[in-house]
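For reference, the structure discussed in these notes is given below.
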Amino acid sequence: VVIKYTDKFNQFLNEIENDSLLNSWQVLDKYLSAFVEISNSKIKICLCGTLGGEFLTLPRELQVEVKKFFDINLSFLEKILKKGFKNSEFYLSDSPKSIANKIFASLEGGLIIARSKNSTDHYFAIIKTIKSSLKQPKQL
Numbered sequence: 011v012v013i014k015y016t017d018k019f020n021q022f023l024n025e026i027e028n029d030s031l032l033n034s035w036q037v038l039d040k041y042l043s044a045f046v047e048i049s050n051s052k053i054k055i056c057l058c059g060t061l062g063g064e065f066l067t068l069p070r071e072l073q074v075e076v077k078k079f080f081d082i083n084l085s086f087l088e089k090i091l092k093k094g095f096k097n098s099e100f101y102l103s104d105s106p107k108s109i110a111n112k113i114f115a116s117l118e119g120g121l122i123i124a125r126s127k128n129s130t131d132h133y134f135a136i137i138k139t140i141k142s143s144l145k146q147p148k149q150l
């Protein structure tokens, strides 16, 4: 199940990353929309995010797949951030790797909170914060 989940998500990431009609903001929006969709689902949780919380108790083969899922997402985000910065679409206040880690942790953690509160209200605030952090600060 985890392999299938990871492969399906990886396929989605490859499709949006390689869509030449999308700019970096549009790619990021599609990525974030996938997490919003999860937050609006009945279970409100990412399979690998849940398993990640129990990582040390998982069998080795499951640990490998969960790590793969995390690595795929972090690599994807880092590439999109670099591309967006290079194309002057994104403002980066830190390294792409660091920002990718912050975004992914916010999304996964936000799903856990949404599930525990049975509400997605704060999830949209997370998305808004992620997007605003990538915009050039306004000059005073």
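Read left to right, the sequence shown gives residues 11 to 150 (the numbering used here). Note that beta-carbon positions come from the ideal geometry of N, C-alpha and C, so glycine has one too.
query	result
Tell me where the alpha helix (DSSP H) around residue 41 begins and ends.	34-50
Using the rule of at least 16 other Cβ atoms within 10 Å of the residue's Cβ for burial, across every protein chain shown, is residue 45 buried or exposed?	buried
Provide the residue span of the alpha helix (DSSP H) that contains residue 80, from first to last.	70-96
Looking at residue 101 and residue 144, is the spacing between their C-beta atoms short of 8 Å?	yes
Would you call the region 92-101 and the region 16-36 touching, i.e. three or more CB-CB distances under 8 Å?	yes
What do you get for residue 119, buried or exposed, if any count of 16 or more other CB atoms within 10 angstroms of its CB means buried?	exposed
Just reading off the alpha helix (DSSP H) that residue 12 is part of, what are its end residues?	12-27
Taking 8 Å as the threshold (C-beta atoms), are residue 88 and residue 124 in contact?	no
Per DSSP, what kind of secondary structure is residue 127 in: helix, strand or coil?	helix
Taking the alpha-carbon positions, what's the residue 106 to residue 99 distance?	13 Å
Short check: CB of residue 116 to CB of residue 90, under 8 Å?	no
Out of 16, 67, 104, point me to the one whose CA is closest to residue 78's CA.	16
With 16 as the cutoff for other CB atoms within 10 Å, does residue 126 come out buried or exposed?	exposed
Pick helix, strand or coil for residue 31, following the three-state DSSP scheme.	coil
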